[in-house]
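Novice: Using numbering that gives the first Met the number 0, read the sequence shown as starting at 0 and increasing by one per residue.
No residue lacks a Cβ here, since even glycine has one placed at the ideal position from N, Cα and C.
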Amino acid sequence: MASYLARRLLQALPLLLAISIIVFALLQMTPGGPLSLGEGGSNPAAAAQMEKIREQYGLNDPMPVQYLRWAGGVLTGDWGTSFKTGQPVLDVIGQRVSVTLTVSGLAFLFSTVLSLVIGAVAAVHRQSVFDYTTTGFSFIGLATPSFWFALMLVYVFSFQLGWLPASGLQDLRANPTGFAGFIDRLEHLILPVMVLSLVSVATLTRYVRSAMLDVLAQDYIRTARGSGLGERTVIIGHAMKNAAIPVTTVVLLSIPEIFLGAVITETIFGLPGMGRLFIESANERDYPVLLGLLMIAALLVVIANIVADLVYARLDPRISYA
Numbered sequence: 000m001a002s003y004l005a006r007r008l009l010q011a012l013p014l015l016l017a018i019s020i021i022v023f024a025l026l027q028m029t030p031g032g033p034l035s036l037g038e039g040g041s042n043p044a045a046a047a048q049m050e051k052i053r054e055q056y057g058l059n060d061p062m063p064v065q066y067l068r069w070a071g072g073v074l075t076g077d078w079g080t081s082f083k084t085g086q087p088v089l090d091v092i093g094q095r096v097s098v099t100l101t102v103s104g105l106a107f108l109f110s111t112v113l114s115l116v117i118g119a120v121a122a123v124h125r126q127s128v129f130d131y132t133t134t135g136f137s138f139i140g141l142a143t144p145s146f147w148f149a150l151m152l153v154y155v156f157s158f159q160l161g162w163l164p165a166s167g168l169q170d171l172r173a174n175p176t177g178f179a180g181f182i183d184r185l186e187h188l189i190l191p192v193m194v195l196s197l198v199s200v201a202t203l204t205r206y207v208r209s210a211m212l213d214v215l216a217q218d219y220i221r222t223a224r225g226s227g228l229g230e231r232t233v234i235i236g237h238a239m240k241n242a243a244i245p246v247t248t249v250v251l252l253s254i255p256e257i258f259l260g261a262v263i264t265e266t267i268f269g270l271p272g273m274g275r276l277f278i279e280s281a282n283e284r285d286y287p288v289l290l291g292l293l294m295i296a297a298l299l300v301v302i303a304n305i306v307a308d309l310v311y312a313r314l315d316p317r318i319s320y321a
């Protein structure tokens, strides 16, 4: 297993290198530049100041030189400097990580547990009213745009019913502390977590149901039932354990999707996370921060794939990566 992990990590290096080159080149070729908002005037002093800034950040150098300088900095822990704040990119991103990890982590746990329960029950009670209902809602969830779903939740639960806050991470006016502050933050997280979980629940439920139906049709399940084992033991101890093998890959690969879905969710709900930082950096042409966020997303996808393979082999003894 250790040798396989080492090989996968070595294989990931050229992939990340290729991704970094493509992303860096695309950002460089994007119309306009980080200083375009301050250019175009007739003031000689302003033009001289813009040229000085371009020299300071090395923006006049050829693209290969800029890339090699950036890549060399990444290897030493220097991901560049934000054009907007002048802070190191890792510091800018680090200020937003906790919010995104909290929202994405809760969405992942919620969607995984809910999908496993709904999918398993739908498979056990195949062609029942519950099965047809959950299948219909799954298709609706897959077809519903997340931004529209977010706006509808805000309209219903915030504006109409007044049950939940519409935006932000806490009530800045009351500024509650202690247990009241915990409840306040939890209330602010409910709607964003629901939005982030929408597509994952709709997708994973279908996978869990399909995997459970395949396992329930196997001979060893009929043998277990014929030997007198209880239905709960057969379902939980045998069927769900084996159905988890193909579902594992889908569940783990949903982590990057939830993480990337935070771009829309955090923007709509005004959460100060990495997703909102991505939109802000794109609008302000803060390319070093954008590049850092895109590379983190690529790294997360690569890691999720490697972890999925390792867990898959752990669950299925027939698979060996020796």
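(1) Do V194 and L141 have their C-beta atoms within less than 8 angstroms of each other?
(2) For W162, count neighbouring C-beta atoms within 10 Å of its own C-beta (all shown protein chains included) and say buried if the count is 16 or more, exposed if not.
(3) In angstroms, rounded to a whole number, what distance separates the CA positions of I305 and A179?
(4) Do M273 and T99 have their CB atoms nearer than 8 angstroms?
(5) Let me confirm a value: F82 is counted as buried when at least 16 other C-beta atoms fall within 10 Å, else exposed. Which label applies?
(6) Straight-line CA distance for T264 to R221?
(7) In chain order, which alpha helix (DSSP H) runs of at least 4 residues are fully inside the stretch 266–299?
(8) Could you pull out every residue in the same chain whose Cβ sits closer than 6 angstroms to the Cβ of A106, ignoring the five residues on either side in sequence?
(9) Where does T80 sit, in a helix, a strand or coil, going by DSSP?
(10) Using the C-alpha atoms, what's the distance from S114 back to A201?
(11) Check each candidate in R53, A1, Q86, V64 and name the one with the smallest Cα separation from F23.
(12) For A5, report the span of its alpha helix (DSSP H) as first-last.
(13) In its own chain, which residues sit with a C-beta less than 7 angstroms from the C-beta of A243, not counting the 5 before and 5 after it?
(14) Hey, how far is the Cα of L168 from the Cα of I267?
(15) Could you check where the alpha helix (DSSP H) with Q65 kicks off and where it finishes?
(16) For F277, count neighbouring C-beta atoms within 10 Å of its own C-beta (all shown protein chains included) and say buried if the count is 16 or more, exposed if not.
(17) Measuring only the C-alpha atoms, how far is W69 from W78?
(18) For P13, is the classification buried or exposed, using 16 other Cβ atoms within 10 angstroms of its Cβ as the cut-off for buried?
(19) Rounded to a whole number of angstroms, what is the C-alpha to C-alpha distance between G40 and T84?
(20) Here's the rule: buried if 16 or more other CB atoms are within 10 angstroms of the residue's CB, otherwise exposed. What is S166?
(21) Looking at V91 and V250, is the spacing between their C-beta atoms short of 8 angstroms?
(22) Taking the alpha carbon of I235 as the reference point, which residue from T247, P255, P245, V214 has its own alpha carbon closest?
(23) Give the secondary structure of P87 by DSSP, where H, G and I count as helix, E and B as strand, and everything else as coil.
(24) What is the DSSP secondary structure of T134, reduced to helix, strand or coil?
(25) Does the beta-carbon distance from T204 to T133 come in below 8 angstroms?
(26) With H, G and I counted as helix, E and B as strand and the rest as coil, what does DSSP make of A261?
(27) What three-state label does DSSP hand W162 in the structure shown?
(28) Judging by CA-CA distance, which residue of L290, A119, G71 is the nearest neighbour of L25?
(29) Do H237 and A223 have their C-beta atoms closer together than 8 angstroms?
Specialist: Based on what the coordinates show:
(1) For V194 and L141, no; Cβs fall outside 8 angstroms.
(2) exposed
(3) 40 angstroms
(4) yes
(5) buried
(6) The alpha-carbon atoms of T264 and R221 are separated by roughly 45 angstroms.
(7) 273–282
(8) V192, L195, S196, I257
(9) strand
(10) 8 angstroms
(11) Residue V64 is the option with its Cα nearest to F23.
(12) Counted as a single uninterrupted DSSP element, the alpha helix (DSSP H) harbouring A5 occupies residues 1–28.
(13) L314
(14) 12 angstroms
(15) 62–74
(16) Taking every protein chain shown into account, the CB of F277 has 16 or more other CB atoms within 10 angstroms, so this residue is buried.
(17) 7 angstroms
(18) exposed
(19) In this prediction, G40 scores a pLDDT of 48, lower than 50, which makes its location untrustworthy; the coordinate-derived value is nonetheless stated afterwards. Their Cα atoms are separated by approximately 23 angstroms.
(20) exposed
(21) no
(22) Selected option, being the one with the closest Cα: V214.
(23) Looking at P87 - three-state DSSP - the assignment turns out to be strand.
(24) helix
(25) yes
(26) helix
(27) coil
(28) L290
(29) yes
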